[in-house]
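Chemist: Take 130 as the starting number for the first sequence in our numbering and just add one per residue. One structure is given below, represented as structure tokens, and several questions about it will come after.
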Amino acid sequence: MKRFGKRFWLRRRRSGLVEKALKEVTPRSEDFSKWYTDVVRKADLMDYAPVKGFIVIRPYAYRIWEFIQSDLDARFRATGHQNAYFPLLIPESLLTREAEHVQGFSAEVAWVTRGGGEELAEPLAVRPTSETIVGEMYARWIQSYRDLPVLINQWSNVVRWEKATRPFLRTTEFLWQEGHTVHRTQAEARAETEQQLEAYRGLLKETLAIPAVAGVKSAGERFAGAVETYTLEAMMGDGRALQTATSHFLGQNFSRAFNIQFLDEDGELKYGWTTSWGASTRMLGGLIMVHGDNRGLRLPPRVAPIQVVIVPIAKGREREAVLAHCRQLLQQLSPHLRVHLDQRDEFTPGYKFNDWEMRGVPLRLEVGPRDIAQSQVMVARRDSGEKVAVKADGLAASVAAILEAIQDALYAQALEHMQALSFAIDDYHEAVAKDRRGFFWGNWCGDEACADRLQEEMSMTIRCLPLPNQPDPQHLRSGADCAVCHRPAEHRAVFARAY
RNA sequence: CGGGGAGUAGCGCAGCUUGGUAGCGCGCCUGCUUCGGGAGCAGGAGGUCGCAGGUUCAAAUCCUGUCUCUCCGACCA
130 MKRFGKRFWL RRRRSGLVEK ALKEVTPRSE DFSKWYTDVV RKADLMDYAP
180 VKGFIVIRPY AYRIWEFIQS DLDARFRATG HQNAYFPLLI PESLLTREAE
230 HVQGFSAEVA WVTRGGGEEL AEPLAVRPTS ETIVGEMYAR WIQSYRDLPV
280 LINQWSNVVR WEKATRPFLR TTEFLWQEGH TVHRTQAEAR AETEQQLEAY
330 RGLLKETLAI PAVAGVKSAG ERFAGAVETY TLEAMMGDGR ALQTATSHFL
380 GQNFSRAFNI QFLDEDGELK YGWTTSWGAS TRMLGGLIMV HGDNRGLRLP
430 PRVAPIQVVI VPIAKGRERE AVLAHCRQLL QQLSPHLRVH LDQRDEFTPG
480 YKFNDWEMRG VPLRLEVGPR DIAQSQVMVA RRDSGEKVAV KADGLAASVA
530 AILEAIQDAL YAQALEHMQA LSFAIDDYHE AVAKDRRGFF WGNWCGDEAC
580 ADRLQEEMSM TIRCLPLPNQ PDPQHLRSGA DCAVCHRPAE HRAVFARAY
């Protein structure tokens, strides 16, 4: 995707298109990246902070995050998890205890070396994730099999010094939740890992209207220190993949490193089996990139801070009457829905239409003298642009039904998009014909050399080895060879460019 | 971290080549008229030219450094 030079904009200016183009965002099809950065700023989702890679999450975006939080929190609680909070700073000696783990994170850890005006005896790491400090504490808390399982989640911020950052998708500091559990048996820990992946899948599908491919990460893409990493890969509007949540089976790697031992029923001292799982504010980026369009954001009703906006068409003498009517509507709908009445005097209805569309409000009610006279309101859907008259009688029910329909329609559209850009391939070069846009399902021999070749030649990675029930466009073809080296293949894999 | 592009009013930009009083559009403020897809007229406010050094009588403009954004790669949620 290339940027447009001065000549391009000069031409647009002369043609008179520039006025509109300046107010709108860059069309999505024209330059997806530019579109994305335009949208996150113009919809007041974020602003850049003074330090590289840090952003301010503005109230509108934070509200969406809160909906994600409460959804996940409910799911976690329903499966017996509790929230707790562990410290931000981790002593160097703790962070370095699990060999693979340190190696994976060392390059992106920020260190605190001074405090109270003095050099610290031991540098403190700003947590990039909390397995280590959690492990240290769990070792103290766990003595007996009767103490298991430990099912704790924490909502926190973490810092990873990234080289290239993008709003929400990859910021130096980000908000997330990280669950950390300890189990008596391997089977139980594995079940936990899968259960939490399902929780994320539920959030994505039911609340965020985002379909995803569930799978296992290849060894090269695995979380540092994990035995197995499960992932949900969603497809963005431009066909690239986004890892939206991960769930790790950590085996006994951390319990051995941190001495998380328990005396089992049989009198033997055993190491616990641990898991960790997380989802971050990156999901906000995914939400934007999956559903957004040329007019801006499109929010699924379940996470829309404002589900319904009422725009009065209040002109001349009828002004007060219309506003009064709108206030009444607001009263009527507010108990059931998140409704906002746009009473701003300084903007015309047309301006407000565009403004709320940019912010992704799912439904707009237009109320003018004509509607009042006919006992109706005009209802405009953000997802389809469709505008219809709806009877004032039973409006709350009608509106609720339309919101449900929008929620479903957004999921259906996203699913259709993912399916349309999912291809079965025999050889990785076939991706070129599709401009490398989409999920390419092919066989893989399991050799990292093939993954490297894919990376070098195509800038694509192995997103995951899909779980058995996933929507493979061609289903498993036994006996096929690796899409890269054409030796006998052991796995089915999804290849894609990723964020 | 490598390679491109860019930082001038809230937003989008011109001015820089050839140093000499900082501009335009939108937005903002006030007033009036408006209001069914980004309203009109009149008046007005707003800028340490990212930051720090240097050259010069004089720097937005030339030189050096630095910070930040952005795109394409490499590394990760």
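No residue lacks a Cβ here, since even glycine has one placed at the ideal position from N, Cα and C.
List the DSSP bridge partners of Asn286.
Modeler: DSSP, once it has assigned bridges, lists Leu304 as partnering Asn286.
Chemist: Is the CB-CB distance between Arg411 and Phe303 below 8 Å?
Modeler: Their beta carbons are under 8 Å apart, which means Arg411 touches Phe303 by this criterion.
Chemist: Starting from Ser405, follow the beta strand (DSSP E) in both directions and report where the run begins and ends.
Modeler: First-last of the beta strand (DSSP E) with Ser405: Trp402 to Ser409.
Chemist: Look at the Cβ atom of Phe624, then the Cβ atom of Ala553, and state whether they are nearer than 8 Å.
Modeler: No, these two residues do not count as a Cβ contact at 8 Å.
Chemist: Note down the Cα distance separating Glu668 from Gly415, rounded to an integer number of angstroms.
Modeler: Residue 668 is absent from the model: the chain starts at 130 and stops at 628.
Chemist: What are the complete beta strand (DSSP E) segments, minimum 3 residues, inside the region 316–389?
Modeler: Qualifying beta strand (DSSP E) stretches, in chain order: 342–345, 357–364 and 370–380.
Chemist: Quick check: the Cα distance between Ile501 and Ile439, rounded to an integer number of angstroms?
Modeler: Going from the Cα of Ile501 to the Cα of Ile439 covers about 14 Å.
Chemist: For Trp573 versus Cys579, is the C-beta spacing smaller than 8 Å?
Modeler: Yes, the Cβ-Cβ distance between Trp573 and Cys579 is below 8 Å.
Chemist: Compute the beta-carbon to beta-carbon distance between Lys516 and Val528, rounded to the nearest angstrom, for a pair I have assumed lies under 8 Å.
Modeler: No, Lys516 and Val528 are not in contact; Cβ-Cβ is about 14 Å, not under 8 Å.
Chemist: Cutting at 7 Å between CB atoms, please list the residues of its own chain near Leu379, excluding the five before and the five after it.
Modeler: Hits under 7 Å: Gly354, Ala355, Val356, Thr403, Thr404 and Ser405.
Chemist: Closest by CA to Leu277, which one among Ala622, Pro296, Ala293 and His309?
Modeler: It is His309 whose Cα lies nearest to the Cα of Leu277.
Chemist: Going by other Cβ atoms of all chains shown within 10 Å of its Cβ, with 16 needed for buried, is Gln208 buried or exposed?
Modeler: It is Thr, not Gln, that sits at residue 208 in the sequence shown. Burial call: exposed.
Chemist: When DSSP builds the beta bridges, which residues end up paired with Pro617?
Modeler: According to DSSP, Pro617 bridges with Asp610.
Chemist: So, for Glu619: in the same chain, excluding its five sequence neighbours on each side, which residues have a beta-carbon less than 7 Å away from its beta-carbon?
Modeler: Correct list, in chain order: Cys574 and Gly575.
Chemist: With a threshold of 7 Å on Cβ separation, who are the neighbours of Pro220 within its own chain once the five nearest residues in sequence on each side are excluded?
Modeler: Only Glu251 and Leu253 meet the Cβ criterion.
Chemist: Tell me the rounded alpha-carbon separation between Arg187 and Asp173.
Modeler: If you take the alpha carbons of Arg187 and Asp173, they lie about 7 Å apart.
Chemist: Applying the 10 Å Cβ sphere with the 16-neighbour rule, what's the burial state of Ser158?
Modeler: Result: exposed.
Chemist: Are the beta-carbon atoms belonging to Pro430 and Pro491 less than 8 Å from one another?
Modeler: It is a contact, given that the beta carbons lie within the stated cut-off.
Chemist: Following the continuous alpha helix (DSSP H) through Met487, name the residue where it begins and the one where it ends.
Modeler: Start and end: Pro478 to Met487.
Chemist: What three-state label does DSSP hand Leu151 in the structure shown?
Modeler: The predicted position of Leu151 is uncertain, since its pLDDT is 38 and thus under 50; a value taken from the coordinates is nonetheless stated next. In the structure shown, Leu151 sits in a helix (DSSP, three-state: H, G or I).
Chemist: According to DSSP, what are the bridge partners of Glu247?
Modeler: For Glu247, which the question treats as bridged, DSSP gives the partners Gly244.
Chemist: Assess contact between the region 259–276 and the region 377–394, defined as three or more Cβ pairs (one per stretch) separated by less than 8 Å. Is contact present?
Modeler: Yes, the region 259–276 is in contact with the region 377–394.
Chemist: Count the other C-beta atoms from every protein chain shown that fall within 10 angstroms of the C-beta of Glu247, then say buried if there are 16 or more, exposed otherwise.
Modeler: It is exposed - the Cβ of Glu247 has fewer than 16 other Cβ atoms within 10 Å.
Chemist: For Leu249, which residues in the same chain have their Cβ closer than 8 Å to its Cβ, ignoring the five residues on either side in sequence?
Modeler: Cβ within range, chain order: Val241, Thr242 and Arg243.
Chemist: Across the region 357–369 and the region 538–558, are there enough close Cβ pairs to call them in contact, namely three or more that are closer than 8 Å?
Modeler: Enough Cβ pairs lie closer than 8 Å, so yes.
Chemist: Under 8 Å Cβ to Cβ from Ala609, same chain only, skipping five residues before and after it: list those, please.
Modeler: Closer than 8 Å at Cβ, skipping near neighbours: Asp555, Asn572 and Ala618.
Chemist: Note the first and the last residue of the continuous beta strand (DSSP E) segment covering Met175.
Modeler: Per DSSP, Met175 belongs to the beta strand (DSSP E) from Met175 to Tyr177.
Chemist: Quick one, which of His465, Leu458 and Pro464 has its alpha-carbon nearest Gln472's?
Modeler: If we check each option's Cα against that of Gln472, Leu458 comes out closest.
Chemist: Do Arg427 and Gly489 have their CB atoms nearer than 8 Å?
Modeler: Contact flag set, yes.
Chemist: If you draw a straight line from the C-alpha of Ser409 to the C-alpha of Gln372, how long is it?
Modeler: Spanning the two alpha carbons is a distance of roughly 10 Å.
Chemist: Write down the C-beta distance between Thr301 and Glu317 rounded to the nearest angstrom, noting that I regard them as a contact closer than 8 Å.
Modeler: Thr301 to Glu317, Cβ: 36 Å. No contact.
Chemist: Take the Cβ of Ser259 as the centre, count every other Cβ of all protein chains shown within 10 Å, and call the residue buried at 16 or more, exposed below.
Modeler: Buried, by the Cβ-count rule.
Chemist: For a test of the three-state rule: what should DSSP assign to Ala443, helix, strand or coil?
Modeler: DSSP places Ala443 in coil when its eight states are reduced to three.
Chemist: Quick check: what's the CA-CA separation for Glu237 versus Asn286?
Modeler: Computed Cα separation, rounded: 15 Å.
Chemist: For a test of the three-state rule: what should DSSP assign to Ser527, helix, strand or coil?
Modeler: Here Ser527 sits in helix by DSSP.
Chemist: Using a threshold of 8 Å, state whether the C-beta atoms of Arg467 and Pro434 are closer than that.
Modeler: In this structure, Pro434 lies closer than 8 Å to Arg467 by Cβ.
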